[in-house]
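Written below as structure tokens is the structure these notes are about.
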């Protein structure tokens, strides 16, 4: 049997990546949520924990071993160099974890790797096809404001600026799912599901 097709899915904050992945999941497709796994690895992977403490100080962790998010945020939010350093520690460990996860799901036709920073981290080079979930900036801003009322508009825009521009992601995408509140998402997902099954059969 061929190895599973590796499909990456990304999109700017508020684009609706999670919604799209939930639809794929109902179709029986295994989903690797890279951001969730990264958060877990930051407390469970001894190598990564040691690297973070070395780079950002012992205060990066509480006494009970949980991540001191306030400390990390104060050192990385809006600070490009520090954020890039943190990502350079986390992403290689996520890559290893994803490889192990993929091996456990090798009987499936295709797998999905979801991450906010697939392009920014360079991880898109390790997948066969890329999906970008697209939505206008004003729509994304409204969604995030409703979902995370504790975030200010300035906070949200700062996160948007830290991600690749939408047009750059769209240029590199193999497939685009439009989640702009104008077009239905489910038919787009079903069409891609059929496409990936067909590609795997070749």
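Residue numbers (my numbering): 1 to 202. Heads up, the beta-carbon is just placed ideally off N, CA and C, and yes, glycines get one too.
Closest to residue i by C-alpha separation, out of the options, would be which residue?
| i | options | result |
| --- | --- | --- |
| residue 115 | 45, 139 and 11 | 11 |
| residue 4 | 104, 169 and 59 | 104 |
| residue 186 | 9, 2, 24 and 7 | 24 |
| residue 70 | 64, 79, 60 and 78 | 60 |
| residue 193 | 148, 120 and 176 | 176 |
| residue 73 | 148, 155, 2 and 102 | 155 |
Would you tell me roughly how many angstroms separate the C-alpha atoms of residue i and residue j, rounded to the nearest one?
| i | j | result |
| --- | --- | --- |
| residue 152 | residue 142 | 11 Å |
| residue 75 | residue 197 | 44 Å |
| residue 159 | residue 195 | 33 Å |
| residue 56 | residue 33 | 25 Å |
| residue 123 | residue 96 | 12 Å |
| residue 174 | residue 131 | 6 Å |
| residue 50 | residue 39 | 15 Å |
| residue 64 | residue 19 | 33 Å |
| residue 93 | residue 157 | 28 Å |
| residue 67 | residue 26 | 32 Å |
| residue 106 | residue 81 | 37 Å |
In this structure, what does DSSP give as the bridge partners for residue i?
| i | result |
| --- | --- |
| residue 134 | 178 |
Assuming the contact rule is C-beta atoms closer than 8 Å, residue i and residue j should be a hit. Round their C-beta distance to whole Å, please.
| i | j | result |
| --- | --- | --- |
| residue 140 | residue 14 | 3 Å |
| residue 30 | residue 111 | 5 Å |
| residue 7 | residue 128 | 7 Å |
| residue 134 | residue 179 | 7 Å |
Alpha helix (DSSP H) runs contained entirely in the segment 28 to 112, provided each spans 4 or more residues:
Counting whole runs of 4 or more residues, the segment 28 to 112 contains the alpha helix (DSSP H) stretches 34 to 44, 46 to 56, 69 to 76 and 80 to 104.
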